[in-house]
Amino acid sequence: MVQMTRVVAQGTFDLLHPGHVHYLEDAATHGDELHAIVARRTNVTHKPEPILCARQRRDMVEALAAVDEAHLGDPEDVFVPIERLDPDVIVLGFDQHHDEADIAAALDARGIDCRVERASGREPKYEDELLSSGDIVDRILRERGEDGDATPS
Numbered sequence: 121m122v123q124m125t126r127v128v129a130q131g132t133f134d135l136l137h138p139g140h141v142h143y144l145e146d147a148a149t150h151g152d153e154l155h156a157i158v159a160r161r162t163n164v165t166h167k168p169e170p171i172l173c174a175r176q177r178r179d180m181v182e183a184l185a186a187v188d189e190a191h192l193g194d195p196e197d198v199f200v201p202i203e204r205l206d207p208d209v210i211v212l213g214f215d216q217h218h219d220e221a222d223i224a225a226a227l228d229a230r231g232i233d234c235r236v237e238r239a240s241g242r243e244p245k246y247e248d249e250l251l252s253s254g255d256i257v258d259r260i261l262r263e264r265g266e267d268g269d270a271t272p273s
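Going left to right, the sequence shown walks through residues 121 to 273 as the working numbering numbers them.
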């Protein structure tokens, strides 16, 4: 029997953009199957609350070719789905605020034996490419205004 290497990537994945796709494609190279955990709004405390609901973000992430299965995070304990999935590798996003050593210590304290890696970054490939949900929101507000109407040219 062949041992499959299970990889977990996690994030908010609000307003999918090329940076998300790069992160998940990079994470997928660390093993044989990629499981993405999509954060619940209650767990997003380090940046503005997601615009899209958790189920919609999960569905969008699961539609990406690199992802074998996408899961909603636990509303109270971010380690619950990791315990259930029992990954061999957790790949953190290039710019995620998590510290690898802190995550490894928390996993060890819970008896979860897996290594923690960091995905590579991605530079814009062409002028005007946006690689962050925040930048997308900022551009929408700047170009369409607070009320959603297009600003006069």
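Built from N, CA and C at the ideal position, the CB exists for glycine as well.
Inter-residue CB distance, C234 and V209 (contact presumed, cutoff 8 angstroms): Contact holds; Cβ gap of about 6 angstroms.
Span of the beta strand (DSSP E), counted from its first residue to its last, around V211: If you look at V211, you'll find it in the beta strand (DSSP E) that goes V209 to L212.
Residue range of the unbroken beta strand (DSSP E) whose run includes H218: H218 -> no beta strand (DSSP E), and no H or E assigned at all.
Short Cβ contact (8 angstroms threshold) for L184 with V127: No. Outside cutoff.
Contacts around P201, its chain only, beta-carbon distance under 7 angstroms, and the 5 residues preceding and following it disregarded: If we look at P201 and ignore the five residues flanking it on each side, its Cβ neighbours are I157, H191, G193 and D194.
Extent of the continuous alpha helix (DSSP H) run through V164: Counting along the chain, V164 falls outside any alpha helix (DSSP H), and DSSP gives it neither H nor E.
Cβ contact (3+ pairs, closer than 8 angstroms) linking the segment 148-164 and the segment 255-265: A contact between stretches requires three or more CB pairs, one per stretch, nearer than 8 angstroms, and the segment 148-164 fails this requirement with the segment 255-265.
Cβ pair count under 8 angstroms reaching 3, the segment 132-141 against the segment 250-263: As far as the Cβ criterion goes, the segment 132-141 touches the segment 250-263, which means the pair count is three or higher.
Buried versus exposed, by CB contacts within 10 Å (16 or more), T125: So T125 counts as exposed.
Same chain, Cβ closer than 7 angstroms to A147, five either side skipped, listed in chain order: Once the five neighbours on either side are set aside, the close Cβ partners of A147 are V127, A129, L154, V211 and A239.
Backbone CA spacing between P272 and M180 [nearest angstrom]: Because P272 sits at a pLDDT of 47, beneath the cut-off of 50, its placement in the model cannot be relied upon, and the following sentence gives the value as read from the coordinates. So the alpha carbons of these two residues sit roughly 33 angstroms apart.
Closest Cα partner of H217 within the set G139, R161, E169 and T165: Comparing Cα-Cα distances from H217 to each of G139, R161, E169 and T165, the minimum goes to T165.
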